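**Q**
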Amino acid sequence: MADILGAFEQAVLLAVLRLDEDAYGRAILRDVQSRLERDVAPGAVHATLERLEQKGFVTSRVGGGTAIRDGRARRFYRVEPAGVRALDDARYSLDRVWRGVGRLLKARSS
Amino acid sequence: MKRNAASPPVWTEWVLVALLPEDRAESESGDLLEAYRDEHLPARGRLGADWWYLRQVAFVFARSYWFWLAALIALFVISDVTNAYQFAASRNVGPIAAVLVILAASLQGGWRSRRMSSGLLTGIATCMLLWLFMAAWWMTTWYPFSLVQQGEPYWISAWHSSAAPGETFTHWIFWDNVGATIMSALALSMSGVLAGLIGGVVGSIARRLYLRSAA
Numbered sequence: 315m316a317d318i319l320g321a322f323e324q325a326v327l328l329a330v331l332r333l334d335e336d337a338y339g340r341a342i343l344r345d346v347q348s349r350l351e352r353d354v355a356p357g358a359v360h361a362t363l364e365r366l367e368q369k370g371f372v373t374s375r376v377g378g379g380t381a382i383r384d385g386r387a388r389r390f391y392r393v394e395p396a397g398v399r400a401l402d403d404a405r406y407s408l409d410r411v412w413r414g415v416g417r418l419l420k421a422r423s424s
Numbered sequence: 254m255k256r257n258a259a260s261p262p263v264w265t266e267w268v269l270v271a272l273l274p275e276d277r278a279e280s281e282s283g284d285l286l287e288a289y290r291d292e293h294l295p296a297r298g299r300l301g302a303d304w305w306y307l308r309q310v311a312f313v314f315a316r317s318y319w320f321w322l323a324a325l326i327a328l329f330v331i332s333d334v335t336n337a338y339q340f341a342a343s344r345n346v347g348p349i350a351a352v353l354v355i356l357a358a359s360l361q362g363g364w365r366s367r368r369m370s371s372g373l374l375t376g377i378a379t380c381m382l383l384w385l386f387m388a389a390w391w392m393t394t395w396y397p398f399s400l401v402q403q404g405e406p407y408w409i410s411a412w413h414s415s416a417a418p419g420e421t422f423t424h425w426i427f428w429d430n431v432g433a434t435i436m437s438a439l440a441l442s443m444s445g446v447l448a449g450l451i452g453g454v455v456g457s458i459a460r461r462l463y464l465r466s467a468a
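Protein chains in written order, with my numbering: chain A, 315 to 424; chain B, 254 to 468.
(1) V313 (chain B) CB to nearest chain A CB: under 9 angstroms?
(2) Beta carbons nearer than 8 angstroms to chain B: which residues of the stretch 325 to 345 of chain A have them?
(3) Touching or not, the stretch 309 to 322 of chain B and the stretch 255 to 275 of chain B, by the rule of three or more beta carbon pairs under 8 angstroms?
(4) Taking Cβ-Cβ distances shorter than 7 angstroms, what residues in chain A pair up with G283 (chain B)?
(5) Just the chain A side, please: which residues come within less than 8 angstroms of S280 (chain B) by C-beta, in chain order?
(6) Would the beta-carbon of A358 (chain B) fall within 9 angstroms of that of T335 (chain B)?
(7) Less than 8 angstroms separating the Cβ of G397 (chain A) from some heavy atom of the ligand PLP?
(8) Out of B:G404, B:L383, B:T434 and B:W425, state which residue places its alpha-carbon closest to the alpha-carbon of M392 (chain B).
(9) Using the Cβ count rule (16 or more neighbours within 10 Å means buried), how would you classify P406 (chain B)?
(10) Does E287 (chain B) get closer than 9 angstroms to chain A when you measure Cβ to Cβ?
(11) Opposite T216 (chain B) in the DSSP bridges: which residues?
(12) Are the stretch 362 to 375 of chain B and the stretch 446 to 455 of chain B in contact at 8 angstroms, needing three or more beta carbon pairs?
(13) What residue range is occupied by the uninterrupted beta strand (DSSP E) comprising T373 (chain A)?
(14) Hey, would you say A427 (chain A) sits closer than 9 angstroms to D345 (chain A), going by beta carbons?
(15) Please decide whether E364 (chain A) counts as near chain B, where near means a Cβ-Cβ distance under 9 angstroms.
(16) Does the beta carbon of D291 (chain B) sit closer than 9 angstroms to a beta carbon anywhere in chain A?
(17) Are there 16 or more other CB atoms within 10 angstroms of the CB of R352 (chain A), so buried, or fewer, so exposed?
(18) Count the other CB atoms, across all protein chains shown, that sit within 10 Å of the CB of I355 (chain B); report buried if there are 16 or more and exposed otherwise.
(19) Hey, would you say G377 (chain A) sits closer than 9 angstroms to L327 (chain A), going by beta carbons?
(20) Which residue from A:E323, A:R386 and A:R399 puts its Cα closest to that of V359 (chain A)?
(21) Would you call the CB atoms of L285 (chain B) and P262 (chain B) closer than 9 angstroms?
(22) Closest Cβ-Cβ distance between G320 (chain A) and chain B: below 9 angstroms?
(23) Check R352 (chain A) in the structure and name its three-state DSSP category.
(24) Rounded to whole angstroms, what is the Cα-Cα separation between A325 (chain A) and R413 (chain A)?
(25) What are the boundary residues of the beta strand (DSSP E) that includes R392 (chain A)?
(26) I want to see whether chain B comes within less than 9 angstroms of P356 (chain A), judged by CB atoms only; does it?
(27) For Q403 (chain B), go through chain A and note every residue whose CB falls closer than 9 angstroms to its CB, in chain order.
(28) Between A404 (chain A) and chain B, is the shortest Cβ-Cβ distance under 9 angstroms, so that the two count as touching?
(29) Alpha carbons only, please: which of A:L319, A:S407 and A:D336 is nearest the one belonging to S374 (chain A)?
(30) R340 (chain A) to G357 (chain A), Cα distance in whole Å?
(31) Applying a beta-carbon distance threshold of less than 9 angstroms, which residues of chain A neighbour Q309 (chain B)?
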């Protein structure tokens, strides 16, 4: 568990996982924005994808463009086994941090 | 090149593509164009969508080169405070170090994108942003600094030798700052273009040679 993913990295990686075959920059951005319920800069998503690719968590391939983007190529991403492991690790760490706190929160809020 | 009715300004697209790595320029600029047409143009109108696009281009620049700009600003602040308070030791190191930092930023631009234009753009943009900071800094600090400077023999002697008859120290130092702002615009323009050209050419060639040898 050498490299725990940050919250934004997790959101991006989960968007790639969720979108499956349709995971390209703009679609990932929309997914992240709707899940986080806030405006996100496209550059932040691109930078994160680049970083995740360097870490070997995702791979990318260049696909066809569409008319709305003047035919410019889309870069499609895919989560690799290392990325799935990193997500599992992040979730495991978070679960450990939260373990036993639920009861305390309930007691404090009532 | 004429602007399409539903496209961002041509120059902003050119700047964006020049800033991005060669292998990602098409897909990332395509994502931005799609967002511009699909979401921001209908929601914000032409001006609002253009402003949004411009901010995205600035974000791409900041995410890649913020370190160099921060270094330049730190160098300038140290150099200006040193100058105002007359800690003479490192007064002449500032400009040389600044040119080296601009050169390093341009080298990174050429290396990252494999394009000379990116290095040139990086050199010019870092200088422009530094100049904006310098102008704001001088206009904000000239008065508090002048309160210290008017007790320093170095500044008193400079005032006596170049002030007009009857000109107060405060008036003289204000116009000295205005002059410095204008002169620094010229000096930074030249430094940005020269360092940008050299850095862009060297960086892009070095990256191409590196990739060729690695293949």
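Note that CB positions come from ideal geometry on N, CA and C, so glycine has one too.
Quantities reported herein were computed from a predicted structural model and do not represent experimental measurements.
**A** The answer reads as follows:
(1) yes
(2) Y338, G339, R340 and L343
(3) yes
(4) Result: G379, R383, R386, A387 and R388.
(5) The answer, in chain order, is Y338, G339, V376, R386, A387, R388 and R389.
(6) Result no, Cβ atoms of A358 (chain B) and T335 (chain B) do not sit closer than 9 angstroms.
(7) Annotation note on the ligand PLP: not contained in the displayed structure, which lists no ligands.
(8) B:T434
(9) exposed
(10) yes
(11) Outside the displayed span of chain B (254 to 468) sits residue 216 (chain B), for which this structure offers no information.
(12) yes
(13) V372 to G377
(14) Residue 427 (chain A) lies beyond the range of chain A shown here (315 to 424); nothing can be said about it.
(15) yes
(16) yes
(17) By the neighbour-count criterion, in which a residue is buried when 16 or more other Cβ atoms sit within 10 angstroms of its Cβ, R352 (chain A) is exposed.
(18) buried
(19) no
(20) Ranking A:E323, A:R386 and A:R399 by Cα distance to V359 (chain A) puts A:E323 first.
(21) no
(22) no
(23) coil
(24) 22 angstroms
(25) R388 to V393
(26) Between P356 (chain A) and chain B, the shortest Cβ-Cβ separation is below 9 angstroms.
(27) Those within 9 angstroms of Q403 (chain B) in chain A number zero; the least Cβ separation is about 46 angstroms.
(28) no
(29) With distances taken between Cα atoms, S374 (chain A) lies closest to A:D336.
(30) Cα to Cα, the separation comes out at about 11 angstroms.
(31) Going along chain A in sequence order, the residues near Q309 (chain B) (Cβ under 9 angstroms) are A355, P356 and G357.
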